[in-house]
Amino acid sequence: MMLAALASSLEGLFADDGLRPRQKVAAIIFSVTLLVVVVELVRRRKLREEYSVLWIVTAIGLLLLAWQYRLLTVFQQLFGIVEPQFALFFGALLFLVLIALQFSVRLSKLTYRNKFLTQRVALLHQEIEELRSRIEPDSASDPREEEP
13 MMLAALASSL EGLFADDGLR PRQKVAAIIF SVTLLVVVVE LVRRRKLREE
63 YSVLWIVTAI GLLLLAWQYR LLTVFQQLFG IVEPQFALFF GALLFLVLIA
113 LQFSVRLSKL TYRNKFLTQR VALLHQEIEE LRSRIEPDSA SDPREEEP
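So for the sequence shown, my numbering puts the first residue at 13; every next one is plus one.
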């Protein structure tokens, strides 16, 4: 009796909406696993929060698409895509573009920061040399440059 109730509830969950039950279960397991892995990586400080946002949104989006296949058809119609499979590929392409954009922004910030730090180190090195020349006027040159 309980098994029949479970089977009927699973049939309702996996109603024919475009995905086969096995595909739906695999997609849900993949989405939940991705979400858990991302949260665990953030918790262990192996993935920064700023990068995790896009991954979490992607995992939730995949979960919603697996749970409600009709969302994929809405996405498909919204962009005028002929087949649902092409809508998935378009979504994957969009995701990759967003990841590339996120890394480009981060790389630009790191480039500016690296340039600033290099300039700061050069200024500090110049200050050290000036102080050294005031303290020891005879040894104004860098001792590493002297030949033995």
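Just so it is clear, CB atoms sit at the ideal spot from N, CA and C, and this is done for glycine as well.
Best match in the options for proximity to residue i [C-alpha to C-alpha]
i	options	result
residue 99	110, 84 and 109	84
residue 36	61, 76 and 50	76
residue 116	48, 33, 63 and 34	63
residue 104	132, 74, 145 and 138	74
residue 106	118, 119 and 91	91
residue 33	80, 131 and 137	80
Endpoints, alpha helix (DSSP H) assigned at residue i
i	result
residue 58	Run containing residue 58: none; DSSP gives neither H nor E here.
residue 139	96 to 147
residue 87	81 to 90
Beta carbon of residue i nearer than 8 Å to that of residue j
i	j	result
residue 59	residue 53	yes
residue 94	residue 71	no
residue 78	residue 43	yes
residue 96	residue 88	yes
Residue i beta carbon near the ligand SAM (any heavy atom closer than 7 Å)
i	result
residue 144	The ligand SAM is not part of this structure, which contains no ligands at all.
Check whether the region 64 to 75 and the region 102 to 114 touch, using three or more Cβ-Cβ pairs below 8 Å as the test. yes
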